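Colleague: Protein sequence lines correspond, in order, to chains Y and V.
The opening position of the first sequence corresponds to residue 1 in the numbering used here, with each subsequent residue numbered one higher.
The opening position of the second sequence corresponds to residue 1001 in the numbering used here, with each subsequent residue numbered one higher.
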Amino acid sequence: MNCEESEKLLMRFGQLANREEEELRAHAAGCPACAKALEFIELEQRWIKKVVPAEPLHAAALTHKIMQALPAQKPGFSFRFLNALRVGFAAGTLALLFWLGSELLIEKNFHKPASADGPLLNSSAYIMHPLERKTKTIRLTERIKSKEL
Amino acid sequence: MVLTEPEIVKKAASGDRSAFRQLVETHQRFVYAVAVRVLHNVHEAEDATQETFIRLWKNLNNYRAEIKLSTWLYRIVTNICLDMLKSANNKRNRMTEDDTKAANLFAQHADEAIHLRDLTMAVEEAAAQLPPVQKIIFVLRDLQGLSPQEVSRIMETSEEKIKSNLYHARVAIGKYLKQHYQIQNTAEL
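1) Just how far apart, CA to CA, sit alanine 91 of chain Y and asparagine 83 of chain Y?
2) Thinking C-alpha only, which one of V:Arg1029, V:Ile1054 and V:Arg1170 is nearest glycine 14 of chain Y?
3) Quick one: residues in its chain with C-beta nearer than 6 Å to the C-beta of alanine 1065 of chain V, no 5 flanking neighbours on either side, listed in chain order?
4) In whole angstroms, what separates the C-alpha of glutamate 54 of chain Y from that of valine 1042 of chain V?
5) In angstroms, rounded to a whole number, what distance separates the CA positions of arginine 1094 of chain V and methionine 1084 of chain V?
6) Quick one: which chain V residues come within Cβ less than 8 Å of alanine 19 of chain Y?
7) Contact criterion: CB-CB distance below 8 Å. Does threonine 1186 of chain V meet it with respect to chain Y?
8) Is it true that the CB of isoleucine 1137 of chain V sits closer than 8 Å to the CB of tyrosine 1074 of chain V?
9) Leaving out five residues before and five after serine 1070 of chain V in sequence, what residues of the same chain have Cβ atoms less than 8 Å from its Cβ?
10) List, in chain order, every chain Y residue whose beta-carbon is nearer than 7 Å to that of lysine 1175 of chain V.
11) Note down, in chain order, each residue of its chain lying with its Cβ closer than 7 Å to the Cβ of histidine 150 of chain Y, except the 5 sequence neighbours on either side.
12) Using the beta-carbon count (16 or more within 10 Å), is phenylalanine 1106 of chain V buried or exposed?
13) For glutamate 48 of chain Y and leucine 1143 of chain V, which I take to be in contact (beta-carbon distance under 8 Å), what is that distance rounded to the nearest angstrom?
14) What separation, rounded to the nearest whole angstrom, lies between the Cα atoms of asparagine 1165 of chain V and valine 1151 of chain V?
15) Can you tell me whether glutamine 1134 of chain V is buried or exposed, with buried defined as 16 or more other CB within 10 angstroms of its CB?
16) Could you tell me which uninterrupted alpha helix (DSSP H) segments, each at least 4 residues in length, are contained entirely in the region 39 to 101 of chain Y, listed from first to last along the chain?
17) Could you tell me which chain V residues have their CB closer than 7 Å to the CB of tryptophan 99 of chain Y, listed as they occur along the chain?
18) State the CB to CB distance for the pair glutamate 44 of chain Y and glycine 1174 of chain V, rounded to an integer number of angstroms; the pair is presumed to be in contact (CB under 8 Å).
19) By the criterion of Cβ-Cβ separation under 8 Å, what are the contact partners of arginine 12 of chain Y in chain V?
20) DSSP state of glycine 1174 of chain V, grouped into three classes?
21) According to the Cβ coordinates, are methionine 67 of chain Y and arginine 1021 of chain V closer than 8 Å?
22) Which one of V:Thr1052, V:Asn1061 and V:Glu1124 has the shortest CA to CA distance from valine 51 of chain Y?
23) Going by the CB atoms, is the gap between glutamine 1050 of chain V and alanine 69 of chain Y shorter than 8 Å?
24) So which residues on chain Y does leucine 1119 of chain V lean against when the C-beta distance must stay under 7 Å?
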């Protein structure tokens, strides 16, 4: 038997057949490393047999504490639908903020045409400028192209 | 009429608290035993036991009869204990006065109580040095007396890994006991 086989038997120590245990002890007799491992495992096995079972000091009080701490809802009740609502609300808030932000940005960056009759409420005033700019860009490109040519 | 465990579970799953109380009374001892051996602190063990049953209550509808309820509870409590052990804020405390009382509870005579308490404390002290997973496997297999197959089901890992971890845990505990408790040698046991 080699050390690898010996370790496999040590892993099953306590459940070994007599023949296997004899083989293990025979190997350990000539192998200090396996002898040490066997010694430690035997010591541990003897000590744990004497270990006092662990029990709650006041079992009835612990039961009461557990029952008191149980949620009011029946088993299986889930707060998942509330989570879905929360996600929906967050998404809505973000969309609103984005819309407000974009509105403010447009107002800041684009010139609002002055009117003698008061503020212009027609939104077409806002979209005029991008269209004009687009037109200008095309004209500029055409001018460059014509120069190149 | 005495109800079987699956029947009690069914009643509890429908919201019957008295049925659930029966389950708590039947199983809380071993749940607590695992928690206190792993966490080495009675207060944390009580918290872990409480949390185990709260999780059981919340998930009773998902209970499958082909798995033993005890296996399920072992799985829940070991996961909770692992989380608590891994928690960076969790300071491990040594045995408190309450633990010592608990160790004394089942001893028959005063002399025997002292001897057994010392032995128990020595083993717990040795186990406290183990990495979390090894410690849980050691508690389930050697202190709770579960079979390697049951431990494998609870830990959801192969039997080979259980055996390997247990081997290292046993060697480490034996080594610790030999180094620290040479006076109480095997002749005394």
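Beta carbons are placed, not taken as given, at the ideal position from N, Cα and C, and that holds for glycine.
No experiment lies behind these values; they were computed from the predicted model shown.
Modeller: In short:
1) Rounded to whole angstroms, alanine 91 of chain Y to asparagine 83 of chain Y spans 12 Å at the Cα level.
2) Closest in C-alpha terms to glycine 14 of chain Y, from the list V:Arg1029, V:Ile1054 and V:Arg1170, comes V:Arg1170.
3) Pro1006, listed in sequence order.
4) Correcting the residue type first, residue 54 of chain Y is alanine in the shown sequence and not glutamate. Rounded to the nearest angstrom, the two C-alpha atoms are 10 Å apart.
5) Residue confidence is low: arginine 1094 of chain V scores 44 on pLDDT, short of 50, so the model does not pin down where it sits. Its coordinate-derived value is still stated next. Straight through space, the alpha carbons of methionine 1084 of chain V and arginine 1094 of chain V are spaced by roughly 15 Å.
6) Alanine is not the amino acid found at residue 19 of chain Y; the sequence shown has arginine there. Under the 8 Å cutoff, chain V gives no residues; its nearest Cβ is about 20 Å from arginine 19 of chain Y.
7) Residue placement at threonine 1186 of chain V cannot be trusted, given a pLDDT of 47 that sits under 50; what the coordinates show is reported in the next sentence. Against chain Y, the CB of threonine 1186 of chain V has a partner CB under 8 Å away; the residue lies at that interface.
8) No, Cβ-Cβ distance for tyrosine 1074 of chain V and isoleucine 1137 of chain V is not below 8 Å.
9) His1027 and Phe1030, listed in sequence order.
10) Within chain Y, the residues placing a beta-carbon under 7 Å from that of lysine 1175 of chain V are Phe40, ordered along the chain.
11) Look at the range of chain Y in this structure, 1 to 149, and you will see that residue 150 of chain Y is not part of it.
12) With a pLDDT of only 39 at phenylalanine 1106 of chain V, under 50, the local geometry of the prediction cannot be trusted, and no value is derived from it.
13) Note that residue 48 of chain Y is isoleucine in the sequence shown here, rather than glutamate. About 7 Å separates the CB atoms of isoleucine 48 of chain Y and leucine 1143 of chain V; that is less than 8 Å, so the two are in contact.
14) Asparagine 1165 of chain V and valine 1151 of chain V have their C-alpha atoms some 11 Å from each other.
15) So glutamine 1134 of chain V counts as buried.
16) DSSP runs (the alpha helix (DSSP H)) wholly in the region 39 to 101 of chain Y: 59 to 69.
17) Neighbours of tryptophan 99 of chain Y across chain V, judged by C-beta separation under 7 Å, do not exist; the nearest C-beta is about 40 Å away.
18) With 8 Å as the limit, glutamate 44 of chain Y and glycine 1174 of chain V qualify as a contact, their Cβ atoms being about 4 Å apart.
19) The answer, in chain order, is Lys1163.
20) Note: glycine 1174 of chain V maps to helix in three-state DSSP.
21) Taking 8 Å as the Cβ cut-off, methionine 67 of chain Y and arginine 1021 of chain V qualify as a contacting pair.
22) Nearest of V:Thr1052, V:Asn1061 and V:Glu1124 to valine 51 of chain Y, Cα basis: V:Glu1124.
23) For alanine 69 of chain Y and glutamine 1050 of chain V, yes; Cβs fall inside 8 Å.
24) What leucine 1119 of chain V touches in chain Y: Trp47, Lys50 and Val51.
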